[in-house]
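If you count by my numbering, then the sequence shown holds residues -6 to 354, one letter each, in order.
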Amino acid sequence: MRNSLNSLYGRGLSLVLFVCTSLIVVSHGGAAVTIEQAVKTVEGLSAAERLARIEDAARKEGRVRWSSSIPVTRAETIFQGFRKKYPGIQVEFDRLSGRVLADRVIREYRSGKHDVDVLGSSAVTVLALKDAGVIGSYSSPEAAGVKSGAADPKGFWTAHYSNVLANICNKNRVKAAPQDWKEFAQSKWKGDFSVDVERFQWFLALSRIYGDDAARKLFQGYVQNGAQIRRGGTLQSQLVAAGEYSCALAVYLDNVYVLLKAGAPIVYSVPEPVLLSPDILMVGKFPPHPYASVLLYDYLLSYEGLSHLTRNHALFPPRGDAPVVDEVGVLQPKTLHFIDVEDQSRSYKESLKSYQSILRR
């Protein structure tokens, strides 16, 4: 009897909190309610009750804003799925590169403008956003299924997907792409490969795997071996496919996948441990549409939401049950190295400076 009364009391309290919070959202445009307060109103409910409450409140809010660095073509397939599942909730999409997006929302937040529902960005932005108070803590039920290291224990971020770092080579010039990063320091590759001047997370990952000194010597070896220093993995992949030079290092596997589907004359390799560079999801501290924010965030991390991305792109999902293309599927049993999110964010300026100083000597 006591347990039943406690359960009824808990549900009743959640309902009171839910109604009060919903009224505050309506009367104050959402800015007066933190994401933590909104989530608290549905604590203790069954999964079905929780979803029903959130969906009902989200429909009353009517819209949700997703600010992200994800390409528009990828985002649109997700929108279509979300709109079909939750008709009547409009998704507003704002695309900016990760650091530009972070700088903008921090400026707006400091001026008193709370316009952030869900954010998607590169890992380097998370600590600046967290320290500025822009993002809140929300541990989605969907995050329970993600791999170790792919979600913040305190709920400030969850990996949405990871890019896989790969080597791409022109098969008219090279029979097989090297399986070891160290091979490109050998003289037979002299002047016939490129390195991206902004791919600092690759340098950071190898520093953690090989040690700082060994990683530094490896990249110095690339420079001494005539590495062409370029900017942009997509451009480098296209230049390799066109036969401008033999190989490009640490490009995103999805760039390779696009070229393979187009019939480009390329081969590729993914050295072990497989390096995974995550893009992350966050929720605003004071989201203008808190319940729609929760609904979208959960959807993005769900099997259905991830499927729109991972079944059509060579992206590594944070959860093991999401469908993937063959080029990703063959990597899943291999040794993986998830490039630590907060390590990237904390080390960004120093690592980028060290990396670029080596390449420009």
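No residue lacks a Cβ here, since even glycine has one placed at the ideal position from N, Cα and C.
Can the beta-carbon of residue i be found less than 8 Å from the beta-carbon of residue j?
i	j	result
A95	S114	yes
P271	A116	yes
W59	V93	no
G226	V251	no
F212	L352	yes
V263	L246	yes
L274	F331	no
Y131	V260	no
N156	A170	no
Y355	V276	There is no way to answer for residue 355, as the model of the chain reaches only from -6 to 354.
R56	I82	yes
H301	G74	yes
R52	V35	no
Could you spell out the range, first to last residue, of the beta strand (DSSP E) harbouring residue i?
i	result
A152	T151 to N163
F331	L329 to F331
Y238	Where Y238 is concerned, there is no enclosing beta strand (DSSP E), given that its DSSP letter is neither H nor E.
L269	V267 to V276
F186	F186 to D189
R209	Run containing R209: none in the beta strand (DSSP E); it sits in the alpha helix (DSSP H), D205 to Q217.
Could you tell me whether any non-hydrogen atom of the ligand FMN is closer than 7 Å to the CB of residue i?
i	result
L228	In terms of ligand content, the structure shown is empty, and the ligand FMN therefore cannot be addressed.
Ends of the alpha helix (DSSP H) at residue i?
i	result
L232	G226 to A234
Q30	I28 to K33
S300	Y296 to T303
Would you identify the three-state DSSP class for residue i, choosing helix, strand or coil?
i	result
E85	strand
H21	Here H21 scores only 41 on pLDDT, less than 50, and its place in the model should not be relied on; the value that follows carries that caveat. Of the three classes helix, strand and coil, the one that applies to H21 here is helix, per DSSP.
R141	Checking the sequence shown, residue 141 turns out to be Ser, not Arg. It is coil, neither helix nor strand.
P146	coil
I63	coil
R103	helix
L246	helix
Y341	helix
V111	strand
Y131	coil
G5	Since pLDDT at G5 reaches only 46, below the 50 mark, its modelled position is unreliable, and the value read off the structure follows with that caveat. Three-state DSSP puts G5 in a helix.
V167	coil
S347	helix
F309	strand
Out of the options, state which residue places its alpha-carbon closest to the alpha-carbon of residue i.
i	options	result
K78	Y154, K210 and E297	E297
Y348	V216, K53 and P80	V216
G236	S187, A207 and I222	S187
V318	S130, Q231, A198 and N305	N305
S61	L299, S90 and I82	S90
L308	S350, V249, E29 and A241	V249
K342	I71, R192, A41 and P266	R192
G126	Y102, E69 and R43	Y102
Q30	T303, F196 and G129	G129
Quick check: the stretch 279 to 297 against the stretch 333 to 346, are at least 3 beta-carbon pairs closer than 8 Å?
Because the criterion of three Cβ pairs below 8 Å is not met, the stretch 333 to 346 and the stretch 279 to 297 do not touch.
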